[in-house]
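Heads up, the thing below is written out as structure tokens.
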Amino acid sequence: NNWSFSPVVWTKIIQRTHRLANITQSSSIKNRWKSSMKITVLQTLTMANKLLTNKDKANTSSLLAFRLKLLSRTLPSKQLLHNRYPSTYTDSLCPRCLTAVETQSHIFDCYKNITAYSIMENKIRTSLIKLIRKNNNRKNLTEIERNLQKLDFGRKSNLDKLASGMLNIDIQLSIASHAKMANKILALLYSQIWIPRSATANTSERIKICLS
1 NNWSFSPVVW
11 TKIIQRTHRL
21 ANITQSSSIK
31 NRWKSSMKIT
41 VLQTLTMANK
51 LLTNKDKANT
61 SSLLAFRLKL
71 LSRTLPSKQL
81 LHNRYPSTYT
91 DSLCPRCLTA
101 VETQSHIFDC
111 YKNITAYSIM
121 ENKIRTSLIK
131 LIRKNNNRKN
141 LTEIERNLQK
151 LDFGRKSNLD
161 KLASGMLNID
171 IQLSIASHAK
181 MANKILALLY
191 SQIWIPRSAT
201 ANTSERIKIC
211 LS
């Protein structure tokens, strides 16, 4: 199971992949193979991380770490913590709903996220439409925007892809625009879901300690 790799292993994998991405963008290789060598996801991730580093150095490490753990499915969920430190974390229940095991998926699927997803959906859709109108000169903009309205931004799987730079929408945006959107969505996931979830989890653990 590849998801069982440690964060260190995943960091090395991503670093090697980024180096490969840079190599394959070599003009000499492109000319030799007469290929555009498009690897949009890797390019988008590389640019998105660079944009984060240049824009907000104070918060960059937190967001980059969050992206890495999101991609590698190693966020410190209650299930993961309970498996690693059973004497400290005596159960694996979600600290918010208290009814389901908090897996990597449940962190984002928990019904407690309904309000957050509603806020995020409006912000993401508005930002994407602005980018489309700014960067797309094609005649079928109305059709693109109509298809965009149908996309469910309340689904965790879609947001995972968007935050990772995998914008699986036919909107013909540049890699730079994809990277900006990936960072915006990453920041929304972090601020609207992960931070509130962590605050609740910390409070819950403090209460358990006081009652023990």
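Using UniProt numbering, you'd call the opening residue of the sequence shown number 1 and step up by one each time.
Cβ coordinates follow ideal geometry from the N, Cα and C atoms, glycine included.
* **Whole-angstrom distance between P196 and residue 262, CA atom to CA atom** => It is not possible to answer for residue 262, since the shown part of the chain is limited to 1 through 212.
Give the list of continuous alpha helix (DSSP H) stretches no shorter than 4 residues that lie fully inside the segment 78-142. 78-84, 106-109, 114-135
| message | So, for A100: in the same chain, excluding its five sequence neighbours on each side, which residues have a beta-carbon less than 6 Å away from its beta-carbon? | response | C94, H106
Report task. Might you give, ordered along the chain, the residues of its own chain that have their beta carbon closer than 6 Å to the beta carbon of F66, omitting 5 neighbours on each side? Result -> Y190
Alpha carbons only, please: which of K130, A182, C110 is nearest the one belonging to I193? C110
- Classification of K134 by the beta-carbon crowding that lies within 10 angstroms, buried from 16 upward: exposed
Alpha-carbon spacing of N202 relative to P76, whole angstroms:
12 Å
query = In angstroms, rounded to a whole number, what distance separates the CA positions of L80 and K123?
reply = L80 and K123 have their C-alpha atoms spaced approximately 31 Å apart.
For this session: Please check the pair L92 and K78, which I expect to be a contact at CB under 8 Å, by giving their CB distance rounded to whole angstroms.
Result: The sequence as given places Ser at residue 92; Leu does not occur at that position. Taking C-beta atoms under 8 Å as the contact rule, S92 and K78 qualify, at a distance of about 5 Å.
Using three-state DSSP, classify S177 as helix, strand or coil. helix
_Taking the straight line between their C-alpha atoms, what separation do you get for A163 and P86?_
31 Å
Practice prompt. If I'm right that S177 touches L131 with Cβ under 8 Å, what's the distance once you round it to whole angstroms?
Written response: Rounded, the Cβ-Cβ distance is 5 Å, consistent with contact.
- Query: How about N112 and R96: do their beta carbons lie closer than 7 Å?
  - Reply: With the sequence shown as reference, residue 112 is identified as Lys, and Asn is not the correct amino acid for it. It is a contact, given that the beta carbons lie within the stated cut-off.
_R73 to S127 span [Cα, whole Å]_ = 27 Å
When burial is assigned at 16 or more other CB atoms within 10 Å of the CB, is T44 buried or exposed? buried
Next item on the list: Could you check the C-alpha separation between L52 and R84 for me, to the nearest Å?
Entry: 31 Å
Just how far apart, CA to CA, sit L42 and I114?
31 Å
Between which residues of its own chain and L64 is the CB-CB distance below 7 Å, once the five residues before and five after are set aside?
N49, L52
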